[in-house]
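Engineer:
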Amino acid sequence: MEKQQDQQLVQMKTMIDSNDDDDDGDLTSTSSISADSDQSTNIASLMLENERKMRRLSESYMNRFLFIGQQAQTLPELSNALALPSTMKSVVQKKSPKMELEIMSSIPSLTLFVETLKQLIQREEKKREKSYLPPDDKSIASDLYTRLSLGITQCLRDYEGEINHAKRRIHDLNEQQEHILNENKNVVSHLTEAFEKNTISLRQTYEKRLTKQREESLKIGNSLDNYKVEILTLREAYEKKLRVKDELINELNDRLAKNETEQAARQHALHLKNEI
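Count the sequence shown with the UniProt record's numbering and you get residues 1 to 276, in order.
#1: Compute the Euclidean distance between the alpha carbons of Ile-170 and Ile-200, then round it to the nearest angstrom.
#2: Would you kindly work out how many angstroms separate the C-alpha atoms of Ser-225 and Leu-202, rounded to a whole number?
#3: On the criterion of 16 or more Cβ atoms from any shown chain inside 10 Å, does Val-114 qualify as buried, or is it exposed?
#4: Is the number of C-beta pairs between the segment 113-133 and the segment 150-160 that are closer than 8 Å three or more?
#5: Applying the 10 Å Cβ sphere with the 16-neighbour rule, what's the burial state of Glu-193?
#6: Use the C-beta contact count for Glu-124: other C-beta atoms within 10 angstroms, 16 or more gives buried, fewer gives exposed.
#7: What are the start and end residues of the alpha helix (DSSP H) that includes Glu-160?
#8: Report the rounded CA-to-CA distance for Lys-219 versus Lys-228, giving the unit in angstroms.
#9: By the three-class DSSP mapping on this structure, what secondary structure does Leu-117 have?
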């Protein structure tokens, strides 16, 4: 049983050493990610994961710590032995051989677990730049169990405060995102309405211009038809005048030819008369 407890403590210490930095990174990154409203879903899942990790660690630590407290209550000298290992021989001498073996076998496991708790609390103190462990003042009636219990309690309260703050921040970001989405919907609605109005106005203007152009084209077509009729009328009148002129010219030519023939006949007759 004690070997199993030792193995569990060693595994716990290894897990803390390997995962504590990752947990710190996750928790620290929450404050930077929470500033971006587009990452609210990632923040929520991250905080839930952190909360599960802290719950598992805190339950494991508190169960172990309660076990230490129970042993400390049954063995009042145990806390002094942990605080002052050099006095262990005097404590063991007051117990039976069986009790001596139990105490001596439990001391390494308890010491390892207490040191692990101290390292965990010290890391949290360094990360948050604050003190969780009360001062080791001899004037204050405070044993190691009480000091560690107070430190863990304050640390868990800070964790709970961070989680609540992150939840409030997520809630605020969700409300802000919803407000932005509503504003975007209103803007899109206004833009769509304005676009539809502009489209209708442009269509009406285009139809008016098209109707006007059609009317003008019709007028121009009618004018062209009238011009064609006038041109045909003028052409017919001009051709008629040309025919009349041609007839007159032909008549004049005939008269001129007849006159020339008659004149030639007269001259010939006159010439013959003179010869006689």
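In this text, a Cβ means the ideal position worked out from N, Cα and C, and glycines have one as well.
Structural biologist: Reading off the structure:
#1: Taking the straight line joining both Cα atoms gives about 44 Å.
#2: Correcting the residue type first, residue 225 is Asp in the shown sequence and not Ser. Between the alpha carbons of Asp-225 and Leu-202 lies a distance of about 34 Å.
#3: Buried.
#4: Enough Cβ pairs lie closer than 8 Å, so yes.
#5: Exposed is the call here.
#6: Around the Cβ of Glu-124, a 10 Å sphere holds 16 or more other Cβ atoms; the residue is buried.
#7: That run of the alpha helix (DSSP H) goes 144-275.
#8: Cα-Cα distance, rounded: 14 Å.
#9: Residue state, collapsed to three classes: helix.
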